[in-house]
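2 protein chains.
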Amino acid sequence: MEIYKGEKKRWYLEKHPIAHHFSFRVEEFIEVREYQRDEWIIQEGMRPDFLFYVIEGKAKIYVTHQNGKVSLINFINENDYIGEMELLNDEYYTKGIQALTKTICFALPFLHYRKRLLEDAKFLRELTKFLSGKATHMAAKYTQSLAFPLENRLADFILQTADEGIYKEKHVMVCDYLGISYRHLLHVLSQFCEKNYLQKDGRNFRIKQYQSLNELAEVLKSK
Amino acid sequence: MEIYKGEKKRWYLEKHPIAHHFSFRVEEFIEVREYQRDEWIIQEGMRPDFLFYVIEGKAKIYVTHQNGKVSLINFINENDYIGEMELLNDEYYTKGIQALTKTICFALPFLHYRKRLLEDAKFLRELTKFLSGKATHMAAKYTQSLAFPLENRLADFILQTADEGIYKEKHVMVCDYLGISYRHLLHVLSQFCEKNYLQKDGRNFRIKQYQSLNELAEVLKSK
DNA sequence: TGAATAATATGAGATATCTCCTATTTTAGA
DNA sequence: TCTAAAATAGGAGATATCTCATATTATTCA
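Chains as they are written, first to last, in this note's numbering: chain A, 1 to 223; chain B, 1001 to 1223.
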């Protein structure tokens, strides 16, 4: 992890203005931090001392169960908060946050800002929207995972993550995210290839039948 | 649905003071409403015009998928909000809310309060806590449902809902809640009886081995 | 540049869970 | 009080998903 200082810090603060999230000035104690790919922004079980706001990059939220299984709860993207659960709740089991790409974020020390943040309607309004989206998203994922087989959820995931018609996510990560075994993921991927929805191209998969995948994914949506 | 007026209304407002949730007076346009068991407080897909706050009773949040499957997303209890998603988000697919017991709640019309609520730090702070709890809870349920078989989740549910050692939830509701088929629920319940964790007593189940169920449920918790 | 580690592959058998069917009992409403 | 609907119950076979074992590439890093 690197903390930007001087000119570099100023540049990021100017490029990603966040003054409109708060009704007071946050520049004084704010840090601009860079985490490398695979670095842990927050370690599971260790309460952070900062509220983070991601301005560039992508990260993953992990939790480890007692049986050793690991779940990738969700992704974190630009403009998401990290550490807001700990800001709000004294009792909270802290999840692990790992950078998926180089990630740059603002870090506001609880020490200096907690009290003011919790009294700032502007910030709290932002945060309620963020949290309501999070809750809604988790509820949707939860019910979908119970109501539909992998086939549908994987189709949706492929369409969401494919870049220019090419799907190339790491299998291990996808298993953690969709909560299925490595073996089963390969099963269903090869089914997709057999049906010619996808075509294997080295380690990547090329989408051949957008329409078919879309039909599978559409079923996830509520009426 | 019945709207309380006069003395009855005043009595509930006094018995369940909520002034401390807001920094302005909400009495003027507030309604006190009673819904009977099984009545729909909000119909799926129909945006409500009120923010509800439950003061007595218990309700269920439902969503219907395109394949006709119904998911019981979660329960709503006393001191929970309903309609907060619609208060915050203009775009939101409204879930159905059905009373599980006679339910009494306060109803604040968006028309009169929306603007002030969204500027009230006291209320927003309450709401962020409520929403963070909701998001955390859904995330936990999601990962647990993927990481553990029904056996564990059912043991947890039985312990949570049993009253004086007797479990007597309706099977159909439990299926919707745990996202499993009726048939499979009966399978696992009868396994519990075979192992003597439970003893069937007419339509109810008596907990015989608290300890064993507890071990199954404990596994759900994160490290 | 080797050796260790991570990622990809695949087979085979086990288990969790689902679907469909049918029957009985309970509950609620005319 | 009778009847329709809901809830409970269990059989049988299908399918989704898991575990374990093993092999073959890639990738990383000392």
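Built from N, CA and C at the ideal position, the CB exists for glycine as well.
query = Using Cβ-Cβ distances below 7 Å, what residues of the segment 102-124 of chain A are close to chain B?
reply = Contact annotation: in the segment 102-124 of chain A, residues whose CB is within less than 7 Å of a CB in chain B are 118, 119, 120, 121 and 124.
ask   = Which residues in the same chain have their Cβ closer than 8 Å to the Cβ of residue 181 (chain A), if we skip the five residues on either side of it in sequence?
value = Taking the first residue of the first sequence as 1, we reach residue 181 (chain A) at position 181. Taken in chain order, the residues that qualify are 175.
request  = Keeping to the same chain, check which residues put their C-beta closer than 7 Å to that of residue 1020 (chain B); ignore five residues upstream and five downstream.
outcome  = Taking the second sequence and counting its residues from 1, one reaches residue 1020 (chain B) at position 20. Annotation for residue 1020 (chain B): no residue places its beta carbon closer than 7 Å to its own, counting only its chain and skipping 5 residues before and after.
key: Listed by chain order, chain A residues near residue 1129 (chain B) by CB distance under 8 Å   = As a working mapping, residue 1129 (chain B) is identified with position 129 in the second sequence. The answer, in chain order, is 88 and 89.
message = What would DSSP say about residue 206 (chain A), mapped onto helix, strand or coil?
response = The residue you call residue 206 (chain A) lines up with position 206 of the first sequence. Here residue 206 (chain A) sits in strand by DSSP.
request  = Indicate whether at least one CB of chain A lies closer than 8 Å to the CB of residue 1135 (chain B).
outcome  = Within the second sequence, residue 1135 (chain B) is the residue found at index 135, counting from 1. Taking Cβ atoms only, chain A reaches closer than 8 Å to residue 1135 (chain B), which makes this a yes.
query = What is the DSSP secondary structure of residue 133 (chain A), reduced to helix, strand or coil?
reply = Translated into the one-based positions of the first sequence, residue 133 (chain A) becomes position 133. The DSSP-derived three-state label of residue 133 (chain A) is helix.
query = Three-state secondary structure (DSSP) at residue 1012 (chain B)?
reply = To locate residue 1012 (chain B), count along the second sequence from 1; it is residue 12. Here residue 1012 (chain B) sits in helix by DSSP.
query = What residues are listed by DSSP as bridge partners for residue 120 (chain A)?
reply = As a working mapping, residue 120 (chain A) is identified with position 120 in the first sequence. For residue 120 (chain A), no pairing in a beta bridge is given by DSSP.
task = Could you run through the segment 1056-1083 of chain B and flag, in chain order, every residue whose CB is less than 7 Å away from some CB of chain A?
result = For the segment 1056-1083 of chain B, which is checked against every Cβ of chain A, the residues closer than 7 Å are 1063, 1064, 1065, 1066, 1067, 1069, 1071 and 1073.
ask   = Hey, is the segment 102-120 of chain A in contact with the segment 1095-1109 of chain B, meaning 3+ C-beta pairs nearer than 8 Å?
value = Flag = no, the segment 102-120 of chain A and the segment 1095-1109 of chain B do not touch.
key: Sub-8 Å separation of residue 78 (chain A) and residue 51 (chain A) beta-carbons   = Here residue 78 (chain A) corresponds to residue number 78 of the first sequence, with the count starting at 1. Here residue 51 (chain A) corresponds to residue number 51 of the first sequence, with the count starting at 1. Against a cut-off of 8 Å, the Cβ pair of residue 51 (chain A) and residue 78 (chain A) comes out as no contact.
query = Should residue 25 (chain A) go down as buried or exposed, given a rule of 16 or more other Cβ atoms within 10 Å for buried?
reply = In the first sequence, counting from the first residue as 1, residue 25 (chain A) sits at position 25. Exposed, since its Cβ has fewer than 16 Cβ neighbours within 10 Å.
ask   = Helix or strand or just coil, what does DSSP make of residue 1201 (chain B)?
value = Walking along the second sequence from the start, residue 1201 (chain B) turns up at place 201. Three-state result, residue 1201 (chain B): strand.
request  = Please work out which residues of its chain come closer than 6 Å, Cβ to Cβ, to residue 80 (chain A), disregarding the five sequence neighbours upstream and downstream, and give them in chain order.
outcome  = Stepping through the first sequence from its first residue, residue 80 (chain A) is reached at position 80. Counting only Cβ-Cβ distances below 6 Å, and skipping sequence neighbours, we find 54.
inquiry  = Looking only at its chain, what residues have a beta carbon closer than 8 Å to the beta carbon of residue 1172 (chain B), apart from the 5 residues adjacent to it on each side?
reply    = Indexing the second sequence from 1 puts residue 1172 (chain B) at position 172. Close CB contacts of residue 1172 (chain B) within its chain, under the 8 Å cut and outside five residues either way in sequence, are with 1182 (chain order).
query = Looking only at C-alpha atoms, which of A:219, A:14, A:16 and A:97 sits nearest to residue 145 (chain A)?
reply = Numbered from its first residue, the first sequence carries residue 145 (chain A) at position 145. Closest option to residue 145 (chain A), Cα to Cα, is A:219.
ask   = Are the segment 1036-1045 of chain B and the segment 110-117 of chain A in contact at 8 Å, needing three or more beta carbon pairs?
value = Too few Cβ pairs lie closer than 8 Å, so no.
task = Starting from the Cα of residue 58 (chain A), find the closest Cα among A:44, A:166, A:82 and A:191 and give me that residue.
result = As a first step, residue 58 (chain A) is located in the first sequence; it is residue number 58 there, counting from the start. With distances taken between Cα atoms, residue 58 (chain A) lies closest to A:82.
Helix, strand or coil at residue 50 (chain A) [DSSP, three-state] = Against the first sequence, residue 50 (chain A) aligns to sequence position 50. Collapsing the DSSP output to three states places residue 50 (chain A) in a strand.
request  = For the alpha helix (DSSP H) holding residue 1034 (chain B), just list the boundary residues, first then last.
outcome  = Working through the second sequence from its first residue, we reach residue 1034 (chain B) at position 34. The continuous stretches of alpha helix (DSSP H) do not include residue 1034 (chain B), which lies in the beta strand (DSSP E) extending over residues 1031-1035.
query = What do you reckon, are the CB atoms on residue 1178 (chain B) and residue 1153 (chain B) nearer than 8 Å?
reply = In the second sequence, residue 1178 (chain B) corresponds to position 178, counting from 1. In the second sequence, residue 1153 (chain B) corresponds to position 153, counting from 1. Result yes, Cβ atoms of residue 1178 (chain B) and residue 1153 (chain B) sit closer than 8 Å.
request  = Kindly indicate which residue of B:1165, B:1134, B:1163 and B:1195 has the alpha-carbon position closest to the one of residue 1151 (chain B).
outcome  = Taking the second sequence and counting its residues from 1, the one referred to as residue 1151 (chain B) is at position 151. Relative to residue 1151 (chain B), the option among B:1165, B:1134, B:1163 and B:1195 whose CA is nearest is B:1195.
request  = Classify residue 1079 (chain B) as helix, strand or coil using the three-state DSSP reduction.
outcome  = As a position in the second sequence, residue 1079 (chain B) is number 79, starting the count at 1. Of the three classes helix, strand and coil, the one that applies to residue 1079 (chain B) here is coil, per DSSP.
query = With a CB to CB cut of under 8 Å and the five nearest residues on each side skipped, what residues in its chain are close to residue 28 (chain A)?
reply = As a working note, residue 28 (chain A) is residue 28 in the first sequence. Closer than 8 Å at the Cβ level, and outside the excluded window around residue 28 (chain A), lie 112.
request  = Please report how far the alpha carbon of residue 11 (chain A) lies from the alpha carbon of residue 1129 (chain B), in whole angstroms.
outcome  = Taking the first sequence and counting its residues from 1, the one referred to as residue 11 (chain A) is at position 11. Taking the second sequence and counting its residues from 1, the one referred to as residue 1129 (chain B) is at position 129. Linking residue 11 (chain A) to residue 1129 (chain B) through their CA atoms gives a straight-line distance of about 34 Å.
request  = Flag this pair as yes or no: are the beta carbons of residue 1063 (chain B) and residue 222 (chain A) separated by less than 8 Å?
outcome  = Here residue 1063 (chain B) is taken as the residue at index 63 of the second sequence, counted from 1. Here residue 222 (chain A) is taken as the residue at index 222 of the first sequence, counted from 1. Residue 1063 (chain B) is a Cβ neighbour of residue 222 (chain A), given a cutoff of 8 Å.
task = Report all residues from its chain with a CB closer than 6 Å to the CB of residue 1100 (chain B); omit the five preceding and five following residues, and keep chain order.
result = Taking the second sequence and counting its residues from 1, one reaches residue 1100 (chain B) at position 100. Excluding positions up to five away in sequence, the list reads 1058, 1059 and 1060.
inquiry  = Taking a contact to mean a Cβ-Cβ separation below 8 Å, would you say residue 207 (chain A) touches residue 167 (chain A) in this structure?
reply    = As a working note, residue 207 (chain A) is residue 207 in the first sequence. As a working note, residue 167 (chain A) is residue 167 in the first sequence. Yes, the pair counts as a contact, with Cβ atoms nearer than the cut-off.
task = May I have the straight-line CA-CA distance separating residue 1014 (chain B) from residue 88 (chain A), to the nearest angstrom?
result = Taking the first residue of the second sequence as 1, we reach residue 1014 (chain B) at position 14. Taking the first residue of the first sequence as 1, we reach residue 88 (chain A) at position 88. The alpha-carbon atoms of residue 1014 (chain B) and residue 88 (chain A) are separated by roughly 29 Å.
Residues near residue 1193 (chain B) in its chain [Cβ-Cβ closer than 8 Å; skip 5 each side] = Taking the second sequence and counting its residues from 1, the one referred to as residue 1193 (chain B) is at position 193. 1199, 1200 and 1205, listed in sequence order.
ask   = Considering residue 161 (chain A), what are the terminal residues of the beta strand (DSSP E) in which it resides?
value = Sequence index remark: in the first sequence, residue 161 (chain A) carries index 161 (1-based). Bounds of any beta strand (DSSP E) do not take in residue 161 (chain A); it lies within the alpha helix (DSSP H) bounded by 150-161.
ask   = Going by alpha carbons, who is nearest to residue 1045 (chain B) out of B:1009, B:1097 and B:1056?
value = In the second sequence, residue 1045 (chain B) corresponds to position 45, counting from 1. Ranking B:1009, B:1097 and B:1056 by CA distance to the CA of residue 1045 (chain B) puts B:1097 first.
task = State the start and end residues of the unbroken alpha helix (DSSP H) segment that holds residue 188 (chain A).
result = Locating residue 188 (chain A) in the first sequence gives position 188, counting from the first residue. Residues 182-194.
request  = Go through its chain and collect everything with a Cβ distance to residue 74 (chain A)'s Cβ below 6 Å, but skip five positions before and after it.
outcome  = Along the first sequence, one-based indexing puts residue 74 (chain A) at 74. So the list reads 61, once near-sequence residues are dropped.
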